[in-house]
Every structure is written in C-alpha cells, then in structure tokens.
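This report concerns only the one structure given below.
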Amino acid sequence: MEIQIDNTAAAKEAIVQLRTDYQSRRPVVKGRIRSTGGGPACTILLTNPDGRLRFPNSGDTTKSLSIPADGSWVEFQVAGEGKSVAIGDAVIEAHCNSTTGALKASKAMTVFWFDNAKIDIATPGRYSVVGGKLTTSGGNAVSFTATADIRPAGIDCTANQITNLRVGIMQNALAGTTRERIWKTPSIAWNAGVAAGTTVTVPKMIRMQINRPATGNDSAASVQPLYDRPGVADTLDANSLQPPTGCSGSAQATSYDTPSTGAPANLVLPAQDGTGTIVGNVTYHPASVKLGPSFLTWCVIFDTSTNEFTVLRERAWHVTVDAFTAGVQRATVDAADRAPTTMPVLSPLANTQTNDPANSTQGPLGADTVTFSR
433 MEIQIDNTAA AKEAIVQLRT DYQSRRPVVK GRIRSTGGGP ACTILLTNPD GRLRFPNSGD
493 TTKSLSIPAD GSWVEFQVAG EGKSVAIGDA VIEAHCNSTT GALKASKAMT VFWFDNAKID
553 IATPGRYSVV GGKLTTSGGN AVSFTATADI RPAGIDCTAN QITNLRVGIM QNALAGTTRE
613 RIWKTPSIAW NAGVAAGTTV TVPKMIRMQI NRPATGNDSA ASVQPLYDRP GVADTLDANS
673 LQPPTGCSGS AQATSYDTPS TGAPANLVLP AQDGTGTIVG NVTYHPASVK LGPSFLTWCV
733 IFDTSTNEFT VLRERAWHVT VDAFTAGVQR ATVDAADRAP TTMPVLSPLA NTQTNDPANS
793 TQGPLGADTV TFSR
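With the numbering used here, the residue at position 24 of the sequence shown is 456, and numbering never jumps.
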C-alpha cells in the first residue's frame, strides 16, 4: 500500500501545522491511501502511535478506511495535535483491520509549530497639540515589532503549507470612551434688536464623548483581517508581513499607530430665550480634550493565500492623555506580552464605530447653569 500527503509522495509536503486554541481555522492536510499489490479489498485502520496526529478531530486517534483492490485512492484528513521534535517523527501507520493487525504501510510526517513568538511595543512619541491636532511628536505613539521562529529546525519552508505563511500583526480597539471634550466659561453674543430684559439660561459646562459600544477590529478594507499589510491601499509599513525565523528572508514584522484627535477649540451654540427663539450665540471655551482608546495587539501567523491566522502572543496598550495636562504624556503598554487569552474580533471596523454619529453624545455636564440678561 502507498500513503501520500497533500497528493504527493514528496517528503517535504508530509507536514501539518499544530492545532491550537487560537486559530481562525483548524489546520488540516489531505492524505490518501491506495492498494499497490493487487490484493483483495480490505479494511485499513490508520493510527499514529506517538499521538502527535489526529484524523482529523481531537478525538479521532484512528481512522477506518475501506481500500478497494483496483488501486483507487481513498482520501482522509490529518491534523497536528502535538509538536514534532524532529523532522518525520509523527508516523502514520496503516494496519489491517485493527491497531494490532498487520502493518501494510507507513508515512513519516512532521507537525510544525512556532516558538519564541513575541509582540514588542515601544512608545517613542510624546503627546501634545501639533498642527491643529492632539497627536505625537518625536515618533509614533507606538511602534510594533512581531517575531516568531518556525519549528522543528530544518523544516522546508518551500512546502505548500508553509510558503505563504508570514508573521503579522492584528489589533482590536476595545470598548469604552475613546474621546472626550469638556467646555466651560460660556459667554454670549446677542443678536441685533434683541429686547432689553431678555434672558437666556444655558448649562455651565458641556461635554462631548465618543464611546465605542463593543470591541472593534482596528483594520481597514484592504488589509483585513490584519492591522497592516504591505502593497495595498491602506498600507502603513511595507515590512508588516515577514517570513518567520528559520525561513529564507525572515525578518521582524513592524508597524505603528498614533491615535489622535482635534486640538482644543471653542464650541459655539445658538442661544435661545424661554420661548425657544434664537437670540444670539453662546461660546464655550475648552477645558479638557482627552484621548483615551485602549487596544489589544497580537503577533500572528498569517496565510496570505487564505487569510487564515494563528494567534501566538498578545499585549495591551492604552492612550490616556489630555491636551490641558502639563508634562510628558505617552501611550502606556502592559509590562510584557503573554500567551493569547482571546481571539481577535474581526468586525465591526473600529474606525467605522468612531465615525458613527450614533456613538457620539453631547450635552450638559452636571446641573449647574448660567443665566445671561440683555
């Protein structure tokens, strides 16, 4: 009998990626087996004595197949349940009728995986009002660096299942208040002809907030589901997808982010008297302009041919700055990255949430008022 993986006898294709709890799809590879000796049809039980393979679900430690005598191929699927230590150490055995039956064929496979994964986040930029925005100078708010090694050592990265794999970056914007403006100290400019004795009562302070109602994917149409991707309309960094260490051309995957908002500005609202008639304009002066988004960023392995991904490491970071706060203000980053605890949310897009008027509120802050008399 003959066993092939990925429809070929080539040893380099007899591989499968390790299954983890944080993947967009369970990695599987097609296998096939046929009779080559011209004997009668028989029942074959596929096994993997060392337990690194499944056929293909986690509970499928064996696979029963009816093999015709005419040499026709019978297909099956294989998944990786345990890491390979060396090339070819995960062996499929084909036994006649039972696990203890005669061994009719075997096929050495490798379960490849990723080690030493890391997502580093630096914070070079300092927040201040620059060019009409609350943004950074001296660098971006954060700079991302993602790396990972492919294992076991010596695996052939030209294999079909590996050649399109890249280290990349994904990011979610977390739910919560992302921007807040507060205005105070109102003053009034009366319209011409307003009668003496006219009064206008207005809130003492006004607050505007943009609230993200749920976690969103910090991505864009041409780079989804990634945070960044080279060679497309929304590319930020041409080095945002890179081969893993151990493959030709390996390098760090890099990108950056700088959340920003408009600079402080006056707020002008119509002034209405007790009958609702507009009698002038009330100008409020800015007291606070806060930027406060939070993010969760991942180092991932991304398949450029299928858009499937495996999450390797995660790290959170935050912006909590105010245009009216003195001193150096930077983004803050969790002390270290960690093993993944959650899968990235793929929709909605975070920028769509930010720009949705339904997620913005503006109104009085507190019950205090100011009354103006003509």
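Backbone N, C-alpha and C fix where the C-beta goes; we use that ideal spot for every residue, glycine too.
Environment of residue i [buried if 16+ CB atoms lie within 10 Å]
| i | result |
| --- | --- |
| V664 | exposed |
| S779 | exposed |
| A511 | buried |
| V448 | buried |
| G471 | exposed |
| V632 | buried |
| F573 | Sequence inspection shows Ala at residue 573; the Phe mentioned does not correspond to that position. That one is buried. |
| A763 | buried |
| I524 | buried |
Start and end residues, beta strand (DSSP E) containing residue i
| i | result |
| --- | --- |
| Q436 | 434-437 |
| Q794 | 792-796 |
| A627 | Taken as a continuous stretch (DSSP letters only), A627 belongs to no beta strand (DSSP E), as it is neither H nor E. |
| R598 | 597-605 |
| I476 | 474-479 |
| Q455 | Element bounds for Q455: n/a, residue is neither H nor E. |
| W730 | 726-735 |
| A703 | 699-704 |
| G712 | 710-723 |
| L497 | 494-499 |
Residue i, DSSP secondary structure in three states
| i | result |
| --- | --- |
| A580 | strand |
| T809 | No answer is possible for residue 809: it lies beyond the span of the chain, which begins at 433 and ends at 806. |
| K636 | coil |
| E612 | strand |
| E513 | coil |
| A540 | strand |
| E445 | helix |
| V743 | strand |
| W749 | strand |
| F487 | coil |
| S530 | coil |
| L673 | coil |
| Y659 | coil |
| I465 | strand |
| F804 | strand |
| R558 | strand |
| R644 | strand |
| V574 | strand |
Proximity to residue i [Cα-Cα], best of the options
| i | options | result |
| --- | --- | --- |
| P796 | L668, V626, Q641 | Q641 |
| R745 | Q603, Y716, N623 | Q603 |
| I499 | I476, S456, K515 | I476 |
| D547 | Q455, P676, Q436 | P676 |
| V700 | H717, G708, Y688 | H717 |
| T729 | D502, D689, T709, G798 | D689 |
| S569 | R558, A624, T738 | R558 |
| S496 | F508, V751, S504 | F508 |
| F804 | A763, P789, T630 | T630 |
| T850 | P481, S504, A501 | There is simply no residue 850 to check, as the chain begins at 433 and stops at 806 in what is shown. |
| G483 | G469, A578, E513, P459 | E513 |
For residue j and residue i, the rounded distance between their alpha carbons
| i | j | result |
| --- | --- | --- |
| L658 | D669 | 12 Å |
| R661 | P691 | 19 Å |
| S442 | F576 | The sequence given here places Ala at residue 442; Ser does not occur at that position. Cα to Cα, A442 sits roughly 38 Å from F576. |
| K636 | D705 | 16 Å |
| P725 | R611 | 7 Å |
| K536 | I582 | 33 Å |
| D453 | I638 | 47 Å |
| R451 | Q593 | 14 Å |
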